[in-house]
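Asker: Could you have a look at this structure, given as structure tokens, before my questions?
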Amino acid sequence: MKLSWISLAIASVFVVVVGCTPPAEPSGSTTGTDPAPPKSTDGSKMATVDFEKDVKPGLVSFCTPCHAGAEPQEGLDVTKLTGSEKASFAKMGKVVEAGEMPPEKSKQPTAEERAKLAEQLKALSG
Ligand code: HEC
């Protein structure tokens, strides 16, 4: 009789200990779901280029010396673009990628900035 009380006590301690352990595991495995979200971000990164946020700052910084103001070169005023000028973006992407714009004598983007800008301009060209 006495022995079964002890084993019952031991058994209940086990239940408490074991019962407490599982919650730790699911919380550990939720970190395993982390790699999933970046996948969807990657997919939308290519599809949506935000003109105002991603592209305009680069154009303003490298192109406004000549493509803005009262008499913009080629009639291209980069500050007036809204993000829907597909034909302009196609042309701009081409000359930026080819290294023709900005012209040699003006401030140059780094190779990385140039590649990114060209890629985003091409994405906007539809
Ligand atoms: C130092 C002045 C200057 C800067 C800075 C400049 N451009 Fe130009 N851009 C010109 C001139 C001058 C022309 C016209 C003559 C020519 O094509 O070289 C021109 C022409 C262009 C054309 C028309 C090309 C064609 O073949 O019809 C595009 C597109 C263009 N620029 C885009 C850009 C972009 C995008 C930037 C910024 C990344 C930029 N430019 C920066 C001076 C500039």
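Residues -9 to 116 in our numbering are what the sequence shown spells out, letter by letter. Note that beta-carbon positions come from the ideal geometry of N, C-alpha and C, so glycine has one too. For clarity, every value in this text was computed on a predicted model and none was experimentally measured.
#1: To the nearest angstrom, how far is the alpha carbon of Lys76 from that of Lys43?
#2: Output yes or no for whether 8 Å exceeds the beta carbon distance between Phe52 and Pro92.
#3: Hey, is Ser115 close to the ligand HEC, as in C-beta under 7 Å from one of its heavy atoms?
#4: Quick check on the burial criterion: 16 or more other C-beta atoms within 10 angstroms. Buried or exposed for Leu114?
#5: For Pro47, which of helix, strand or coil comes out of DSSP?
#6: Could you tell me which of Lys97, Ala101, Glu103 sits nearest to Pro55, measuring between CA atoms?
#7: Using the Cβ count rule (16 or more neighbours within 10 Å means buried), how would you classify Ala101?
Answerer: Inspection of the coordinates gives the following:
#1: Between Lys76 and Lys43, the C-alpha separation is close to 17 Å.
#2: yes
#3: no
#4: buried
#5: helix
#6: Lys97
#7: exposed
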